[in-house]
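2 protein chains.
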Amino acid sequence: MPEKILVIDDDEATVQLLSILLERHGYEVIKAYRADEGLRKAYRSQPNLVLLDVMMPDMDGWEVCRRLRELSDVPIIFLSARGEVRDVVKGLEMGADDYIIKPYDNDELVARVRAHLRRSPGPTVSEELVFDGGQFRINFLNREVRVKSRLVHLTPKEFSLLGVLVRNAGRVITRAELVREAWGPEYADAIDSLKLYIHYLRQKIETNPQRPEYILTSRGVGYRFAGH
Amino acid sequence: MPEKILVIDDDEATVQLLSILLERHGYEVIKAYRADEGLRKAYRSQPNLVLLDVMMPDMDGWEVCRRLRELSDVPIIFLSARGEVRDVVKGLEMGADDYIIKPYDNDELVARVRAHLRRSPGPTVSEELVFDGGQFRINFLNREVRVKSRLVHLTPKEFSLLGVLVRNAGRVITRAELVREAWGPEYADAIDSLKLYIHYLRQKIETNPQRPEYILTSRGVGYRFAGH
DNA sequence: CAGGTTTGAAACAATTCCTGACAAAAGTGC
DNA sequence: GCACTTTTGTCAGGAATTGTTTCAAACCTG
Chain A
-4 MPEKILVIDD DEATVQLLSI LLERHGYEVI KAYRADEGLR KAYRSQPNLV LLDVMMPDMD
56 GWEVCRRLRE LSDVPIIFLS ARGEVRDVVK GLEMGADDYI IKPYDNDELV ARVRAHLRRS
116 PGPTVSEELV FDGGQFRINF LNREVRVKSR LVHLTPKEFS LLGVLVRNAG RVITRAELVR
176 EAWGPEYADA IDSLKLYIHY LRQKIETNPQ RPEYILTSRG VGYRFAGH
Chain B
-4 MPEKILVIDD DEATVQLLSI LLERHGYEVI KAYRADEGLR KAYRSQPNLV LLDVMMPDMD
56 GWEVCRRLRE LSDVPIIFLS ARGEVRDVVK GLEMGADDYI IKPYDNDELV ARVRAHLRRS
116 PGPTVSEELV FDGGQFRINF LNREVRVKSR LVHLTPKEFS LLGVLVRNAG RVITRAELVR
176 EAWGPEYADA IDSLKLYIHY LRQKIETNPQ RPEYILTSRG VGYRFAGH
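These protein sequences, in sequence, are chains A and B.
For the first sequence, position 36 matches number 31 in this note's numbering, and the numbering has no gaps at all.
For the second sequence, position 125 matches number 120 in this note's numbering, and the numbering has no gaps at all.
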């Protein structure tokens, strides 16, 4: 079966051109014209690679990239008309694998797609969409968290932070790393906020926030999610 | 242990600049000024990534890339002043992972290096993460220490010091070295505190702190952790 | 503009760290 | 073995750091 490439871009013409190009090279193309549609299709069709536009009306590409990374390790290539170095760096730091500036050359694009697919371990895409720690469940696709089967409402930042902790369950993550993962590389100084959000999360998911059983402090280093 | 990057380029100035840049970001740089030298050093030092110039007097970069690929799957990034699409495509088709055109931006180069290193498997960390000495177990991932299966709480400094001792189990480490490793190079005068912390640790992990069985004194030199 | 969300600053609480003094033990020469 | 010196171990309390909580202002977003 051919390798599947998901193209997410609000510009229909671009999607069309990319489809033709990629299909000519033997790939199967899945098309999405909006960010949320892209995420849903990523989940459903398990693509081997994602081509992602940076600017879209409903949600920017950065956010899509972040959420995709929560779901899987699929290779992500940004496509953007904005070619400033800071954007490229931002995209790569955010977990993307490459950043191609429009207008791109068809051959180069295909070559880069191929290079990344070559590395990619195969259709081992989305692994655990749900973390189940007995009393505690988190579903990364619909962003639901349940404690003792009670649904807990989390804000975006709260969910993002909790996600980083859960995906690294069992190991201590430094504050700096947590901030980098949950806020993005450009918020190195958000450590104050981090403490707050740890507090919020504990209020929401811990039975007794004073004696946390999930989100544990590692003094002088960071936090870790108990590996049940 | 820092990740190793092999830089192969016949232009000494370029190599020098790259070294400074990469070392500032915490990488260890191995330098090679000729193609054959580069291949030899790749073989000997097992780099985690290779930065490769396309044009060199003795053998061109393409050939180096091909031969490297015969030896290993190490990520390869081409660096070249020739930015024509056909060269980029050729490089990527040849097995390289990325192609950066000179003059490059420092931040972008580092970001791309990071992106590729993130993908690469990493030098089998798993065994190093837990030390199991029968009655004594230390888990560097979640920073837990257990003696006779009892969980022992350690402060950051205590853990750091114990970590150095355990990682060098069986070997005597000088006081100066211990301080340097556990406190950092700038605290050369913390030798006074060292004996304090040795004391704390013994109180916490030894059955009989007066007759230590784990943390042993080597009079006039330093301490060592019993190797079991 | 009203709601929830995010941020910064600061008070408060707890722990971790260091200082200096002294006690104990190990090595040394007689 | 006995004094002496050197090195290592122990102790206590206060300084410094780190973590938690509260409060209020800024910020979106619909």
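In this text, a Cβ means the ideal position worked out from N, Cα and C, and glycines have one as well.
Because the structure is a prediction, the values reported are computed rather than measured.
Item                                                                                                                           : Value
Contact under 7 Å by Cβ, P70 (chain B) with D92 (chain B)                                                                      : yes
Burial state of S144 (chain A), where buried means 16 or more other Cβ atoms lie within 10 Å                                   : exposed
Closer than 7 Å to chain B by CB, V83 (chain A)                                                                                : yes
Residue range of the unbroken alpha helix (DSSP H) whose run includes L146 (chain B)                                           : Unbroken run through L146 (chain B) is the beta strand (DSSP E), R145 to V147; no alpha helix (DSSP H).
Cβ contact check for the stretch 206 to 220 of chain A and the stretch 160 to 167 of chain A: 3 or more pairs under 8 Å        : yes
Proximity test, Cβ basis, 7 Å: D127 (chain B) and chain A                                                                      : no
Near-chain A residues of the stretch 83 to 97 of chain B (beta-carbon distance less than 9 Å), N- to C-terminal order          : V83, V84, K85, G86, L87, E88, G90, A91, D92, D93 and Y94
D100 (chain B) at chain A interface by Cβ criterion, 7 Å                                                                       : yes
Nearest-angstrom Cβ-Cβ length linking G215 (chain A) and P151 (chain B), presumed shorter than 8 Å                             : 3 Å
Residues of its chain near C60 (chain B), where Cβ-Cβ distance is below 8 Å and the 5 sequence neighbours each way are ignored : L47, I71, F73, G86, M89, G90 and A91
I200 (chain B) versus D4 (chain B) - alpha carbon distance                                                                     : 52 Å
From B:V108, B:A221 and B:W57, residue whose alpha carbon lies closest to that of D127 (chain B)                               : B:A221
Where L146 (chain B) meets chain A, residues with beta-carbon distance less than 8 Å                                           : Simply none; closest approach about 12 Å.
Beta-carbon proximity of P207 (chain A) to R219 (chain A), cut-off 7 Å                                                         : no
Unbroken beta strand (DSSP E) run spanning E23 (chain B), endpoints                                                            : E23 to A27
Same chain, Cβ closer than 7 Å to V147 (chain B), neighbours up to 5 away in sequence not counted                              : V140, R141, K199 and I200
Contact set for K97 (chain A): own chain, Cβ-Cβ below 7 Å, skip 5 residues either direction                                    : L74, S75 and A76
Same chain, Cβ closer than 8 Å to W57 (chain A), neighbours up to 5 away in sequence not counted                               : V49, K85, G86, M89 and G179
Selected residue, minimal CA-CA separation from D55 (chain A), among A:L66, A:K36 and A:D82                                    : A:D82
Sequence-distant residues of its chain with Cβ nearer than 8 Å to H111 (chain A) (five each side left out)                     : L44, P70, I72, D92 and D93
Limits of the beta strand (DSSP E) - the one that L211 (chain A) falls within                                                  : I210 to S213
L63 (chain A) versus L149 (chain B): straight-line alpha-carbon distance, rounded                                              : 37 Å
Close Cβ partners of A27 (chain A) (< 6 Å) along its chain, the five nearest in sequence each way excluded                     : I3, G33 and K36
Rounded C-alpha distance that separates Q205 (chain A) from L191 (chain A)                                                     : 14 Å
C-alpha distance - S67 (chain B) paired with P(-3) (chain B), whole-angstrom precision                                         : 20 Å
Nearest residue (CA-CA) to A171 (chain A), options A:I193, A:L189, A:D102 and A:T9                                             : A:L189
L160 (chain B) versus L173 (chain B): straight-line alpha-carbon distance, rounded                                             : 8 Å
Chain B contact for S67 (chain A) (CB, 7 Å cutoff)                                                                             : no
Beta-carbon proximity of F154 (chain B) to R138 (chain B), cut-off 7 Å                                                         : yes
L17 (chain A) and P42 (chain A) closer than 7 Å at C-beta                                                                      : no
L47 (chain A) (DSSP reduced to helix, strand or coil)                                                                          : strand
Selection from A:V80, A:E103, A:E65 and A:G78 that minimises the alpha carbon distance to G78 (chain B)                        : A:E103
Beta bridge counterpart(s) of Y94 (chain A) as assigned by DSSP                                                                : A:F73
Any chain B beta carbon closer than 7 Å to A177 (chain A)                                                                      : no
Where R107 (chain B) falls, given that 16 or more other Cβ within 10 Å makes a residue buried                                  : buried
Three-state secondary structure assigned by DSSP to F154 (chain B)                                                             : helix
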